[in-house]
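Residue numbers (the UniProt record's numbering): 1 to 230.
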């Protein structure tokens with residue numbers, strides 16, 4: 001992890017994301033901009049979390065733990081996403097681990113000196129509610145798509161969400177967990193798409209060859225959204 005090197009860089013990032021607008025008091029003394037490299041832990045489940053993190057660039061993945069100690073992927077998150085709010089309300093709450101899937105940038109709030117002010121700030125609390133609602137709606141929509149559409153469509157949406165320069169570099173076991181399908185099913189699906197020249201296997205993962213077809217498969221799951229607005 002590294003922090004922004006200059007106050008000017010921090011100010012620019014804060015302005016680009018309108019972050020200061022979500023507070024009714026001067027939050028600047030408690031802010032920093034941080035960057036995490038791919039594979040780096042952003043939050044560990046053993047942390048006593050005293051910060052709020054607002055994702056403004058990159059993709060992060062959230063894990064959960066089972067009683068038997070096994071760790072499972074819960075979801076991938078892209079900007080804007082908010083982490084650490086439950087721990088703000090419950091100081092001793094054990095956080096879920098978060099890992100950088102790609103290089104990530106966050107605006108972080110050190111809550112040790114401003115926790116009481118945050119909990120009394122109606123403007124900030126409205127922002128927390130809004131972000132929680134958006135993330136919940138997105139999660140529910142994902143689960144709906146997983147049950148209502150073929151795995152082929154869901155894999156296409158996953159490719160578009162997580163690709164970096166046309167390459168998906170994610171563990172196949174995690175993709176299978178994300179799509180709630182078996183590893184064997186995923187391998188069969190990837191083989192079919194490679195045979196159709198939609199994808200190709202490369203050393204770092206999967207490369208998209210036919211962008212038009214991948215987008216068309218993903219767009220089929222957006223038809224209901226378009227219809228709801230009519």
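Cβ atoms here follow ideal geometry from the backbone N, Cα and C, with glycine treated the same way.
Buried/exposed call for residue 36, threshold 16 Cβ in 10 Å: Looking up residue 36 in the chain shown gives position 36. Counting Cβ neighbours within 10 Å, residue 36 comes out buried, since at least 16 surround it.
Where are the alpha helix (DSSP H) runs, 4 residues long or more, that stay fully inside the region 70-117, in chain order? 85-89
Rounded to whole angstroms, what is the Cα-Cα separation between residue 70 and residue 173? Start at 1 with the first residue of the chain shown, and residue 70 comes out as number 70. Start at 1 with the first residue of the chain shown, and residue 173 comes out as number 173. Cα-Cα distance, rounded: 13 Å.
I need the DSSP call for residue 209, collapsed to helix, strand or coil. As a position in the chain shown, residue 209 is number 209, starting the count at 1. Reduced to three states, the DSSP call for residue 209 is coil.
Grab me the residues of residue 216's own chain with a C-beta within less than 7 Å of its C-beta, minus the 5 sequence neighbours each way, in chain order. Sequence index remark: in the chain shown, residue 216 carries index 216 (1-based). Here the set comprises nothing.
In this structure, what does DSSP give as the bridge partners for residue 63? In the chain shown, the residue the question calls residue 63 occupies position 63. Partner(s): 73.
Using DSSP bridges, identify the partner residues of residue 198. Within the chain shown, numbered from 1, the residue matching residue 198 stands at position 198. Residue 198 is not bridged to any residue.
Residue 44, DSSP secondary structure in three states: Working through the chain shown from its first residue, we reach residue 44 at position 44. Three-state DSSP puts residue 44 in coil, outside helix and strand.
Starting from the Cα of residue 66, find the closest Cα among 53, 124, 45 and give me that residue. Locating residue 66 in the chain shown gives position 66, where the first residue counts as 1. The candidate whose alpha carbon is nearest that of residue 66 is 45.
Simplified DSSP assignment, three categories, for residue 228: As a position in the chain shown, residue 228 is number 228, starting the count at 1. Residue confidence is low: residue 228 scores 41 on pLDDT, short of 50, so the model does not pin down where it sits. Its coordinate-derived value is still stated next. Three-state result, residue 228: helix.
Bridge partners - residue 2, DSSP secondary structure assignment: To locate residue 2, count along the chain shown from 1; it is residue 2. DSSP lists 35 as partners of residue 2.
Could you tell me how far apart the beta carbons of residue 206 and residue 181 are, in whole angstroms, since I believe they sit closer than 8 Å? Position 206 of the chain shown holds residue 206. Position 181 of the chain shown holds residue 181. With 8 Å as the limit, residue 206 and residue 181 do not qualify as a contact, their Cβ atoms being about 16 Å apart.
Residue 139 and residue 208 - do their beta-carbons sit closer together than 8 Å? Translated into positions along the chain shown, residue 208 becomes position 208. Translated into positions along the chain shown, residue 139 becomes position 139. No, they are not a contact pair.
Please tell me whether residue 104 and residue 64 are closer than 8 Å, where the distance is taken between their beta carbons. By one-based count along the chain shown, residue 104 stands at place 104. By one-based count along the chain shown, residue 64 stands at place 64. No, the Cβ-Cβ distance between residue 104 and residue 64 is not below 8 Å.
Classify residue 18: buried if its beta carbon has 16 or more other beta carbons within 10 angstroms, exposed otherwise. Counting from one through the chain shown, the residue named residue 18 turns up at place 18. Residue 18 comes out exposed.
Check the C-beta distance from residue 128 over to residue 85 and give it rounded, since I have them as a contact under 8 Å. Reading the chain shown from its first residue, position 128 is the one you call residue 128. Reading the chain shown from its first residue, position 85 is the one you call residue 85. Confirmed, Cβ separation roughly 5 Å.
From 143, 32, 157, 142, pick the residue whose C-alpha is nearest to that of residue 219; which is it? Here the question's residue 219 lines up with position 219 in the chain shown. Nearest of 143, 32, 157, 142 to residue 219, Cα basis: 157.
Can you name, in chain order, every residue of its own chain whose Cβ lies under 7 Å from the Cβ of residue 201, other than the five neighbours on each side? Here residue 201 refers to the residue found at position 201 when the chain shown is read from its first residue. Same-chain partners within the cutoff: 194.
Roughly how many angstroms lie between the CA atoms of residue 56 and residue 81, to the nearest whole one? The residue labelled residue 56 in the question sits at position 56 within the chain shown. The residue labelled residue 81 in the question sits at position 81 within the chain shown. Near 8 Å, if we compare the C-alpha coordinates of residue 81 and residue 56.
Going by DSSP, what residues sit across from residue 54 in a beta bridge? The residue labelled residue 54 in the question sits at position 54 within the chain shown. Bridge partners of residue 54: 82, 107.
Quick one, which of 142, 221, 42, 203 has its alpha-carbon nearest residue 83's? Translated into the one-based positions of the chain shown, residue 83 becomes position 83. That would be 42, whose Cα lies nearest to the Cα of residue 83.
In the DSSP assignment, find the unbroken alpha helix (DSSP H) run with residue 151 in it and report its ends. As a working mapping, residue 151 is identified with position 151 in the chain shown. First-last of the alpha helix (DSSP H) with residue 151: 151-162.
C-alpha distance - residue 233 paired with residue 61, whole-angstrom precision: What the structure shows of the chain is the stretch from 1 to 230, and residue 233 is not part of that stretch, so it cannot be assessed.
Which same chain residues, not among the five before or five after residue 153, have their C-beta less than 8 Å away from its C-beta? Locating residue 153 in the chain shown gives position 153, counting from the first residue. Cβ within range, chain order: 145, 217, 218, 220, 221.
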